[in-house]
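*Asks:* Pasting a structure here, questions to come.
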Amino acid sequence: MSKKVLVLGEVREGSLRNVSFEAIAAAKQIADGGEVVGVLLGDAVAGLASALFEHGADRVVTVEHPHLKQYTSDGYGQALLAVIEQENPTGIVFGHTANGKDLSPKIASKLQAGLVSDVTSIEGAGDDVVFIRPIYSGKAFEKVKVKDGVVLASIRPNNIAPLEKAPGKTGDVSSITVDITNLRSIIKEVVRKSSEGVDLSEAKVVVAGGRGVKSEEGFEPLKELADLLGGAVGASRGACDAEYCDYSLQIGQTGKVVTPDLYIAAGISGAIQHLAGMSNSKVIVAINKDPEANIFKVADYGIVGDLFEVIPLLIEEFKALKVNA
Ligand SMILES: Cc1cc2nc3c(=O)[nH]c(=O)nc-3n(C[C@H](O)[C@H](O)[C@H](O)COP(=O)(O)OP(=O)(O)OC[C@H]3O[C@@H](n4cnc5c(N)ncnc54)[C@H](O)[C@@H]3O)c2cc1C
Numbered sequence: 003m004s005k006k007v008l009v010l011g012e013v014r015e016g017s018l019r020n021v022s023f024e025a026i027a028a029a030k031q032i033a034d035g036g037e038v039v040g041v042l043l044g045d046a047v048a049g050l051a052s053a054l055f056e057h058g059a060d061r062v063v064t065v066e067h068p069h070l071k072q073y074t075s076d077g078y079g080q081a082l083l084a085v086i087e088q089e090n091p092t093g094i095v096f097g098h099t100a101n102g103k104d105l106s107p108k109i110a111s112k113l114q115a116g117l118v119s120d121v122t123s124i125e126g127a128g129d130d131v132v133f134i135r136p137i138y139s140g141k142a143f144e145k146v147k148v149k150d151g152v153v154l155a156s157i158r159p160n161n162i163a164p165l166e167k168a169p170g171k172t173g174d175v176s177s178i179t180v181d182i183t184n185l186r187s188i189i190k191e192v193v194r195k196s197s198e199g200v201d202l203s204e205a206k207v208v209v210a211g212g213r214g215v216k217s218e219e220g221f222e223p224l225k226e227l228a229d230l231l232g233g234a235v236g237a238s239r240g241a242c243d244a245e246y247c248d249y250s251l252q253i254g255q256t257g258k259v260v261t262p263d264l265y266i267a268a269g270i271s272g273a274i275q276h277l278a279g280m281s282n283s284k285v286i287v288a289i290n291k292d293p294e295a296n297i298f299k300v301a302d303y304g305i306v307g308d309l310f311e312v313i314p315l316l317i318e319e320f321k322a323l324k325v326n327a
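Just so we're on the same page, my numbering is the position in the sequence shown counted from 1, plus 2.
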């Protein structure tokens, strides 16, 4: 049977998040030559279809409704179920983001299907596809094969490479009219804690501070370094608990999971709960004045020293590199 895999495009502040393109790459592997259909839900989202085509979608279906302007479990659930009813897919891929984590189990339960969540890589294709996902806070990985039913998967941002962009590629865009009714909640306003800067869960560079940063002002050099490298600032729970920064920056088991190309951990001891959120980063640099700190066990490069001396030196060096580049 020919496969058809839906990909939920995730829209934030009028543009598609990168994870949508990574999900298309995953869907291509699951579809194994079958059709990959991008799904856009929102208020006015049809204009974003071209980005889905350029990243590999074969076709795009939209549902536009004023109640879909902001994500709600109810609203998106109704809209996506209408698309599923029309398209009858063999698979659906979500980003393992706040919205994807909320919506994917709901859809799986409605379809009486299983869900493979937080997938970090995929082996094989089509009926032989095997999903790899971390378990026990990243201490081990399991391989999951779906034997029957619709294949539902959510993929961790920054792990599966998007396909090479094909500028100008287009395709068929169709829309479905769905009467979004009986919403149990309507979002009136979204107040963002940090509206500027790079999205932490998709950042290529993360500069994270721990209790060793010692104060809110102590985060300033970390912010400067992150800005210089086009990255985002993160934190350990120790730093958040001490009120040096907002909990939205927390990385770890009970915070965000990040997989940047470069993770700089400054004044972070490396508790297992913190490692669960960052140990899959491609290159880890640890700065800690305690040579026995656990963070050095996962670091590719370790700097034993005072972060307030090391970070200004790094800033100086990176500035010099930029000037000479
Ligand atoms: C159920 C549960 C869930 C949890 N979830 C999370 C989570 O999601 N994320 C998370 O991070 N933690 C989490 N924790 C907490 C975790 O166990 C640790 O307590 C926390 O990560 C410690 O934060 P820290 O490394 O910043 O602080 P500390 O352990 O106090 O380490 C501070 C480090 O800074 C170094 N240091 C001090 N001054 C300097 C300096 N001037 N220069 C360089 N280095 C310096 C010290 O040597 C030390 O290694 C969780 C705990 C539990 C029980």
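For each residue, glycine too, the CB sits at the ideal point set by N, CA and C.
#1: Starting from the C-beta of residue 173, find all residues in its chain whose C-beta is less than 8 Å away, skip the five residues before and the five after it, and write them out in chain order.
#2: Among the candidates 136, 204, 5, 57, whose CA atom is the shortest distance from the CA of residue 90?
#3: So for residue 138, helix, strand or coil by DSSP?
#4: Can you tell me which of the three DSSP states residue 52 falls into?
#5: Can you determine whether any heavy atom of ligand 1 sits closer than 6 Å to the C-beta of residue 276, and answer yes or no?
#6: Going by beta-carbon coordinates alone, are residue 205 and residue 164 separated by less than 7 Å?
#7: Taking only three categories from DSSP, how would you classify residue 18?
#8: Could you check whether residue 101 and residue 73 sit closer than 7 Å to each other, using their CB atoms as the reference points?
#9: As an exercise, report each continuous beta strand (DSSP E) stretch of at least 3 residues that is fully enclosed by the segment 96-138, in chain order.
#10: Measure the C-alpha to C-alpha separation of residue 318 and residue 103 and round it to an integer number of angstroms.
#11: Note down the Cα distance separating residue 197 from residue 14, rounded to an integer number of angstroms.
#12: Which one of 146, 92, 57, 244 has the shortest CA to CA distance from residue 169?
#13: Start and end of the alpha helix (DSSP H) containing residue 84?
#14: May I have the straight-line CA-CA distance separating residue 25 from residue 3, to the nearest angstrom?
#15: How big is the Cα-Cα spacing for residue 85 and residue 208?
#16: Rounded to the nearest angstrom, what separates residue 307 and residue 144 at their Cα positions?
#17: Are the segment 287-298 and the segment 149-165 touching by the rule of at least three beta carbon pairs closer than 8 Å?
#18: How long is the line joining the alpha carbons of residue 185 and residue 76, rounded to whole angstroms?
#19: Count the other C-beta atoms from every protein chain shown that fall within 10 angstroms of the C-beta of residue 326, then say buried if there are 16 or more, exposed otherwise.
#20: Considering just the uninterrupted stretch of the beta strand (DSSP E) at residue 304, what are its terminal residues?
#21: Please classify residue 214: does DSSP put it in a helix, a strand, or coil?
#22: If you run the structure through DSSP and keep just helix, strand and coil, what is residue 249?
#23: Secondary structure at residue 240, three-state DSSP: helix, strand or coil?
#24: Does DSSP put residue 197 in a helix, in a strand, or in coil?
*Replies:* According to the data block:
#1: In the sequence shown, residue 173 corresponds to position 171, counting from 1. Contacts found: 51, 55, 59, 60, 61, 62.
#2: Reading the sequence shown from its first residue, position 88 is the one you call residue 90. Residue 5 is the option with its Cα nearest to residue 90.
#3: Translated into positions along the sequence shown, residue 138 becomes position 136. The answer is coil: DSSP assigns residue 138 none of H, G, I, E or B.
#4: Taking the sequence shown and counting its residues from 1, the one referred to as residue 52 is at position 50. Here residue 52 sits in helix by DSSP.
#5: For the purposes of this step, residue 276 is taken as the residue at position 274 of the sequence shown. Under cutoff, so the answer is yes.
#6: One-based indexing of the sequence shown puts residue 205 at position 203. One-based indexing of the sequence shown puts residue 164 at position 162. No, they are not a contact pair.
#7: In the sequence shown, the residue the question calls residue 18 occupies position 16. Three-state DSSP puts residue 18 in a strand.
#8: Reading the sequence shown from its first residue, position 71 is the one you call residue 73. Reading the sequence shown from its first residue, position 99 is the one you call residue 101. Against a cut-off of 7 Å, the Cβ pair of residue 101 and residue 73 comes out as a contact.
#9: 117-121, 123-125, 132-137
#10: As a working mapping, residue 318 is identified with position 316 in the sequence shown. As a working mapping, residue 103 is identified with position 101 in the sequence shown. Going from the Cα of residue 318 to the Cα of residue 103 covers about 40 Å.
#11: One-based indexing of the sequence shown puts residue 197 at position 195. One-based indexing of the sequence shown puts residue 14 at position 12. For residue 197, the predicted model reports a pLDDT of 45, less than 50, meaning its position is unreliable; a value from the coordinates is still stated below. Spanning the two alpha carbons is a distance of roughly 12 Å.
#12: The residue you call residue 169 lines up with position 167 of the sequence shown. Nearest option by C-alpha distance: 57.
#13: Position 82 of the sequence shown, counted from the first residue, corresponds to residue 84. 75-89 is the extent of the alpha helix (DSSP H) around residue 84.
#14: Position 23 of the sequence shown, counted from the start, is the residue given in the question as residue 25. Position 1 of the sequence shown, counted from the start, is the residue given in the question as residue 3. Rounded to the nearest angstrom, the two C-alpha atoms are 22 Å apart.
#15: The sequence position of residue 85 within the sequence shown is 83, counting from 1. The sequence position of residue 208 within the sequence shown is 206, counting from 1. About 37 Å.
#16: Position 305 of the sequence shown, counting from 1, holds the residue named residue 307. Position 142 of the sequence shown, counting from 1, holds the residue named residue 144. Cα to Cα, the separation comes out at about 37 Å.
#17: no
#18: In the sequence shown, residue 185 corresponds to position 183, counting from 1. In the sequence shown, residue 76 corresponds to position 74, counting from 1. Their backbone Cα atoms lie some 6 Å apart in a straight line.
#19: Translated into positions along the sequence shown, residue 326 becomes position 324. Residue 326 is exposed by the Cβ-count criterion.
#20: For this step, residue 304 is matched to residue 302 along the sequence shown. Run containing residue 304: 303-306, per the beta strand (DSSP E) assignment.
#21: Your numbering for residue 214 matches position 212 in the sequence shown. Of the three classes helix, strand and coil, the one that applies to residue 214 here is helix, per DSSP.
#22: Here residue 249 refers to the residue found at position 247 of the sequence shown. In this structure, residue 249 counts as helix in the three-state DSSP scheme.
#23: The count along the sequence shown starts at 1 and reaches residue 240 at position 238. Three-state DSSP puts residue 240 in a helix.
#24: Taking the sequence shown and counting its residues from 1, one reaches residue 197 at position 195. Confidence at residue 197 is low in this model, with a pLDDT of 45, below 50, so the placement of that residue should be treated as unreliable; the coordinate-derived value is given next. Coil.
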